[in-house]
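Here the structure is laid out as structure tokens; the discussion comes afterwards.
Number of protein chains: 2
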Amino acid sequence: MDGKHDQADYIVSGRYLLPTWRHADRIEDGAVAVLGDAIAAIGSRAELTARFPEAERLHEPAGLVMPGLINTHTHAPMSYLRGIADDLPLMTWLQEHIFPVEQQLDAEMVYLSTLLSIAEMIKSGTTSFCDMYLFAGEVARAADETGIRAWIGEVLYDFDSPSYGKLDNGFAMVRELVSAYRQHPLISITVAPHSVYTCAPTLLERAAELAANGGCLHVVHLAETESEVATCVERYGVRPVQHLHRLGLLESRLLAAHCVHLTEEEMDLLASTQVKVSHCVESNMKLASGAAPIPALIQKGVCVAIGTDGPASNNDVDMFAEMSSVAKVHKVVAMDPTVMDAETTLKCATFNGAMALGAESEIGTLETGKKADLIVLDLDQPHLVPLYNLPSHLVYAARGGDVIHSMINGRLVMKQRHLLSLDEDMAIARMRELSTKVLRIREQAGAAK
Amino acid sequence: MDGKHDQADYIVSGRYLLPTWRHADRIEDGAVAVLGDAIAAIGSRAELTARFPEAERLHEPAGLVMPGLINTHTHAPMSYLRGIADDLPLMTWLQEHIFPVEQQLDAEMVYLSTLLSIAEMIKSGTTSFCDMYLFAGEVARAADETGIRAWIGEVLYDFDSPSYGKLDNGFAMVRELVSAYRQHPLISITVAPHSVYTCAPTLLERAAELAANGGCLHVVHLAETESEVATCVERYGVRPVQHLHRLGLLESRLLAAHCVHLTEEEMDLLASTQVKVSHCVESNMKLASGAAPIPALIQKGVCVAIGTDGPASNNDVDMFAEMSSVAKVHKVVAMDPTVMDAETTLKCATFNGAMALGAESEIGTLETGKKADLIVLDLDQPHLVPLYNLPSHLVYAARGGDVIHSMINGRLVMKQRHLLSLDEDMAIARMRELSTKVLRIREQAGAAK
Numbered sequence: 001m002d003g004k005h006d007q008a009d010y011i012v013s014g015r016y017l018l019p020t021w022r023h024a025d026r027i028e029d030g031a032v033a034v035l036g037d038a039i040a041a042i043g044s045r046a047e048l049t050a051r052f053p054e055a056e057r058l059h060e061p062a063g064l065v066m067p068g069l070i071n072t073h074t075h076a077p078m079s080y081l082r083g084i085a086d087d088l089p090l091m092t093w094l095q096e097h098i099f100p101v102e103q104q105l106d107a108e109m110v111y112l113s114t115l116l117s118i119a120e121m122i123k124s125g126t127t128s129f130c131d132m133y134l135f136a137g138e139v140a141r142a143a144d145e146t147g148i149r150a151w152i153g154e155v156l157y158d159f160d161s162p163s164y165g166k167l168d169n170g171f172a173m174v175r176e177l178v179s180a181y182r183q184h185p186l187i188s189i190t191v192a193p194h195s196v197y198t199c200a201p202t203l204l205e206r207a208a209e210l211a212a213n214g215g216c217l218h219v220v221h222l223a224e225t226e227s228e229v230a231t232c233v234e235r236y237g238v239r240p241v242q243h244l245h246r247l248g249l250l251e252s253r254l255l256a257a258h259c260v261h262l263t264e265e266e267m268d269l270l271a272s273t274q275v276k277v278s279h280c281v282e283s284n285m286k287l288a289s290g291a292a293p294i295p296a297l298i299q300k301g302v303c304v305a306i307g308t309d310g311p312a313s314n315n316d317v318d319m320f321a322e323m324s325s326v327a328k329v330h331k332v333v334a335m336d337p338t339v340m341d342a343e344t345t346l347k348c349a350t351f352n353g354a355m356a357l358g359a360e361s362e363i364g365t366l367e368t369g370k371k372a373d374l375i376v377l378d379l380d381q382p383h384l385v386p387l388y389n390l391p392s393h394l395v396y397a398a399r400g401g402d403v404i405h406s407m408i409n410g411r412l413v414m415k416q417r418h419l420l421s422l423d424e425d426m427a428i429a430r431m432r433e434l435s436t437k438v439l440r441i442r443e444q445a446g447a448a449k
Numbered sequence: 450m451d452g453k454h455d456q457a458d459y460i461v462s463g464r465y466l467l468p469t470w471r472h473a474d475r476i477e478d479g480a481v482a483v484l485g486d487a488i489a490a491i492g493s494r495a496e497l498t499a500r501f502p503e504a505e506r507l508h509e510p511a512g513l514v515m516p517g518l519i520n521t522h523t524h525a526p527m528s529y530l531r532g533i534a535d536d537l538p539l540m541t542w543l544q545e546h547i548f549p550v551e552q553q554l555d556a557e558m559v560y561l562s563t564l565l566s567i568a569e570m571i572k573s574g575t576t577s578f579c580d581m582y583l584f585a586g587e588v589a590r591a592a593d594e595t596g597i598r599a600w601i602g603e604v605l606y607d608f609d610s611p612s613y614g615k616l617d618n619g620f621a622m623v624r625e626l627v628s629a630y631r632q633h634p635l636i637s638i639t640v641a642p643h644s645v646y647t648c649a650p651t652l653l654e655r656a657a658e659l660a661a662n663g664g665c666l667h668v669v670h671l672a673e674t675e676s677e678v679a680t681c682v683e684r685y686g687v688r689p690v691q692h693l694h695r696l697g698l699l700e701s702r703l704l705a706a707h708c709v710h711l712t713e714e715e716m717d718l719l720a721s722t723q724v725k726v727s728h729c730v731e732s733n734m735k736l737a738s739g740a741a742p743i744p745a746l747i748q749k750g751v752c753v754a755i756g757t758d759g760p761a762s763n764n765d766v767d768m769f770a771e772m773s774s775v776a777k778v779h780k781v782v783a784m785d786p787t788v789m790d791a792e793t794t795l796k797c798a799t800f801n802g803a804m805a806l807g808a809e810s811e812i813g814t815l816e817t818g819k820k821a822d823l824i825v826l827d828l829d830q831p832h833l834v835p836l837y838n839l840p841s842h843l844v845y846a847a848r849g850g851d852v853i854h855s856m857i858n859g860r861l862v863m864k865q866r867h868l869l870s871l872d873e874d875m876a877i878a879r880m881r882e883l884s885t886k887v888l889r890i891r892e893q894a895g896a897a898k
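Here the protein sequences come in this chain order: G and U.
For the first sequence, the numbering used here gives the first residue as 1, with consecutive numbering after it.
For the second sequence, the numbering used here gives the first residue as 450, with consecutive numbering after it.
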């Protein structure tokens with residue numbers, strides 16, 4: 001005890017503190033002291049309560065304190081389409097159900113849908129998310145109001161956008177957002193070209209340049225489906241990862257979502273260029289995109305993080321459910337129960353998530369000096385006893401609903417499952433209203449055909 | 450309105466009643482009237498409250514009333530081993546972690562562990578389960594005390610059992626249980642030989658005879674792993690399903706768990722003999738057993754139900770999580786997003802579950818005259834709005850934790866997530882105590898080697 005941090009705003013404590021993804025790092029009756037937006041200390045509850053006697057105490061006798069989960073790929077505003085159409089061939093789903101409604105999208109729909117997804121994310125343990133959709137300014141507004149940490153991108157592609165119209169306007173919008181949020185403590189603007197099959201090489205190059213100049217995370221969908229690969233080969237003579245490589249766009253700032261269909265050579269390229277991968281297993285299963293070669297990527301040293309993808313293709317944004325699927329799917333694909341063990345999976349959802357966003361010095365583990373992004377689970381649940389191993393429970397047995405408190409950047413955003421920075425009832429009620437509008441739009445689009 | 454049922458004990462109602470697995474069958478502002486153990490009527494809330502004015506009303510304005518889920522294969526008492534060892538090769542897991550502890554199993558451990566699993570099952574929407582483990586009398590005692598519907602078997606195999614000792618004692622125990630529970634309204638005793646690789650043909654034949662004479666459900670693990678198939682071929686010259694066929698044991702009373710490794714001919718055999726299949730997808734993934742050919746079995750007309758398998762290999766007994774995995778896995782295996790649609794999956798977890806247990810005239814849907822086994826979900830959750838399609842939400846978005854009320858056989862066993870027939874805090878506390886004993890047993894077994 002060096003006496004340096006004799007002040008703290010909160011001491012959050014529980015039966016266990018798990019500051020990392022490793023069971024061996026747990027502290028029984030452990031605590032986190034929070035001052036301002038950051039972690040002032042971690043240690044035993046006894047030690048921290050003695051050291052910071054005036055801090056407000058949030059103690060859960062049956063609680064587990066751990067880092068908040070990091071959702072590295074989603075389309076949070078797509079909650080307005082959750083469950084509107086499932087179990088369909090991809091093109092039927094997109095062309096008959098998703099696109100017609102998206103054409104009529106407006107700012108208010110994006111704002112309300114994002115609020116709802118943020119409510120779901122906080123209530124299921126996510127404290128940071130990386131988003132890519134339309135009307136990004138509205139996504140940022142919802143994130144700012146609710147105090148969640150977010151990396152937010154306006155999707156860019158070759159055709160006109162319901163959000164910004166012509167592509168030049170899109171780039172202008174991204175530049176404005178970058179400038180508007182440059183000093184924001186929680187929100188980072190990303191540059192987010194949609195994919196190699198919807199973006200011409202010139203668009204991709206221009207986006208990469210903007211990302212580099214703006215110091216932004218660069219996000220793209222990559223090698224998601226067989227048809228994307230076929231299209232890319234047909235147009236450019238090479239597969240998607242090779243295509244980006246030829247354009248000189250593979251680099252450590254790039255976060256590539258999906259990466260399902262990869263050759264050995266493409267995996268090596270991702271590894272050598274330090275591209276980060278956001279693995280969206282439930283979306284890949286539900287849309288029958290395929291099983292990404294995640295154990296092989298990890299073996300090659302690629303930083304693999306986890307994303308839920310959007311609530312229209314998952315159909316949730318629950319990272320606990322996602323972890324459970326990630327850990328199980330790769331075992332049966334490899335016919336080897338030792339791959340994607342619980343600690344590896346938990347690391348993907350926390351530390352690797354931070355690294356994928358370029359924020360591993362700020363979030364992803366609970367360490368003195370890092371931002372105070374943490375969650376508390378209630379271990380007094382029939383499905384969480386007995387307790388032999390924390391990562392095992394977090395990956396195989398815990399549910400988003402077990403999270404009772406959430407703190408982001410030192411601010412308590414959920415206490416006893418009650419959201420403090422967001423009116424949940426209002427978000428639900430407004431989405432119910434909005435859904436009747438969505439159905440009307442889809443009907444009119446159908447009738448117009 | 451025929452006036453026949455002018456009496457009811459309860460009217461359970463909500464924003465929606467979904468009496469089957471079909472979205473088209475939903476009733477807005479629907480209700481179920483319950484008299485004694487059975488459903489007296491279903492219809493609109495207005496109609497039923499007028500018809501049964503004196504019934505106690507349980508109305509959830511944001512509720513969904515639906516049939517309870519049916520877990521057709523589990524080992525409920527294995528909760529004491531939940532998470533004790535994961536991510537290991539099957540034989541390491543069994544021989545170093547599971548078997549040494551099971552050798553020291555006693556009646557109290559089984560009773561307490563079953564109580565805990567029943568708490569978890571009720572809290573995640575299950576109202577019936579089919580169990581196979583040791584000390585079946587203790588499983589039945591826990592089920593009887595808590596009022597859950599159960600099919601319970603004592604596992605039989607060639608070696609001595611920690612429960613009954615010699616095989617003859619095992620058969621005697623099963624006969625006694627059958628006789629003791631013959632008149633029980635909720636508990637049925639099954640005959641449960643473990644598998645073709647742990648049971649000699651004479652044991653299997655003797656078990657089948659007992660099942661036939663006792664009018665019991667006949668339950669077996671079948672074709673779960675490649676090694677089971679190899680062992681069977683080596684010993685008997687044929688694969689597991691063919692082996693049972695030669696012995697004349699494939700028939701409509703047989704409920705076969707897993708059925709992962711099947712040839713086309715074996716699938717046809719299961720279909721023609723009307724064997725029922727309990728599909729345990731999460732266990733099959735986690736233990737890397739393989740992906741069962743479920744869409745093909747359904748195509749051939751086999752009744753496929755769903756089971757969680759035991760909490761040591763899953764690691765939960767949550768049927769909502771299981772449905773989500775079932776619907777997603779087969780899409781990516783087939784690379785076809787239209788297989789295992791939400792309604793088919795929900796049917797497997799409800800009506801097919803009832804049929805697999807020979808109880809489709811009693812449970813599996815909400816119909817007048819059937820037993821009142823129903824659950825109510827709270828739809829006022831961020832992940833359940835908007836709501837375009839009920840089966841989609843139940844399979845892809847809902848969680849066990851969304852279930853707020855549960856009624857089994859006309860008895861309210863959970864209200865507002867509070868268990869009424871079971872002391873949850875006691876079950877959790879006693880399991881925590883038990884877990885230290887389990888660790889001690891495992892340590893001693895390790896030291897003795």
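For every residue, glycine included, the Cβ atom is placed at its ideal position computed from N, Cα and C.
Residue state for U:L868 is assigned as strand, using DSSP reduced to three classes.
For U:A592, there are no neighbours in chain G by C-beta distance under 9 Å, as the nearest C-beta there is about 15 Å away. Straight through space, the alpha carbons of U:E809 and U:S727 are spaced by roughly 15 Å. Judged by beta-carbon spacing, U:V730 lies within the 8 Å limit of U:V775, meaning their Cβ atoms are closer than that value. Rounded to the nearest angstrom, the Cβ distance from G:V196 to G:A207 is 12 Å, too far for a contact under 8 Å. Boundaries of the beta strand (DSSP E) around G:I404: 403-408. Taking the Cβ atoms as the reference, G:F129 lies roughly 19 Å from G:A107, outside the contact range of under 8 Å. Contact of G:G137 with chain U is not assigned, every C-beta pair being separated by 8 Å or more. Contact annotation for U:K777 against chain G: E282, M285, K286, S325 [CB-CB distance below 8 Å, chain order].
If you keep only unbroken alpha helix (DSSP H) runs of at least 4 residues inside the region 469-524 of chain U, you get 494-500.
Counting only the Cα atoms, G:E176 lies some 19 Å from G:R149.
For a cut-off of 8 Å, the C-beta gap from U:H707 to U:E673 is around 4 Å, short enough to register as a contact.
Here G:K166 is exposed, its C-beta having fewer than 16 other C-beta atoms within 10 Å.
The beta carbon of U:S870 lies closer than 6 Å to those of T595, G596, V862 in the same chain, with the five residues before and after it left out. Inclusion of G:V329 and U:M804 in the CB contact set at 8 Å is not warranted, their separation being larger than that value. In the displayed model, G:M173 falls within a helix according to three-state DSSP. The alpha helix (DSSP H) runs of length 4 or more contained entirely in the region 708-750 of chain U are, from start to end of the chain, 713-722, 730-735, 743-748. Put simply, the CB of G:A180 is far from chain U, with every gap to its CB atoms at 8 Å or more.
Closer than 8 Å to the CB of G:H73 there is not a single CB belonging to chain U. Think of a sphere of 8 Å around the beta carbon of G:A119: the chain U residues whose beta carbon falls inside it are P831, in chain order.
Under the DSSP definition of a beta bridge, U:E603 partners with U:Y582, U:V640.
Contact note: U:S855 does not reach chain G at a C-beta cutoff of 9 Å; the least C-beta distance is about 14 Å.
Scanning its chain for C-beta atoms nearer than 8 Å, with the 5 sequence neighbours on each side dropped, one finds around U:L605 the residues L616, G619, F620, V623, V640, A641, P642, H643, C648, L652, A656, in chain order. The C-beta of U:M880 comes closer than 8 Å to at least one C-beta of chain G. Burial state of U:S628 is exposed, judged by a 10 Å Cβ sphere holding fewer than 16 other Cβ atoms.
At least 8 Å separates the beta-carbon of U:G802 from that of U:A487. Pairwise C-beta distances place the region 299-312 of chain G in contact with the region 263-270 of chain G, as three or more of them are shorter than 8 Å. Close to U:A740, with beta-carbon spacing below 8 Å, are these residues of chain G in chain order: V332. According to the DSSP assignment, U:V781 belongs to the alpha helix (DSSP H) that extends over 768-783. Going by beta carbons, G:A342 and G:P391 fall inside the 8 Å limit.
Cβ proximity to chain G below 7 Å picks out D535, D536, L537, P538, L539 from the region 535-564 of chain U.
Its chain contains L467, P468 as the residues whose beta carbon lies nearer than 8 Å to that of U:D474, once the 5 sequence neighbours on both sides are disregarded; these appear in chain order. Here G:R235 is exposed, its C-beta having fewer than 16 other C-beta atoms within 10 Å. Not one beta carbon of chain U lies nearer than 8 Å to the beta carbon of G:M132. Assignment of G:H383 by DSSP, reduced to helix, strand and coil, places it in the helix class.
Assigned with DSSP and collapsed to three states, U:T575 falls in strand.
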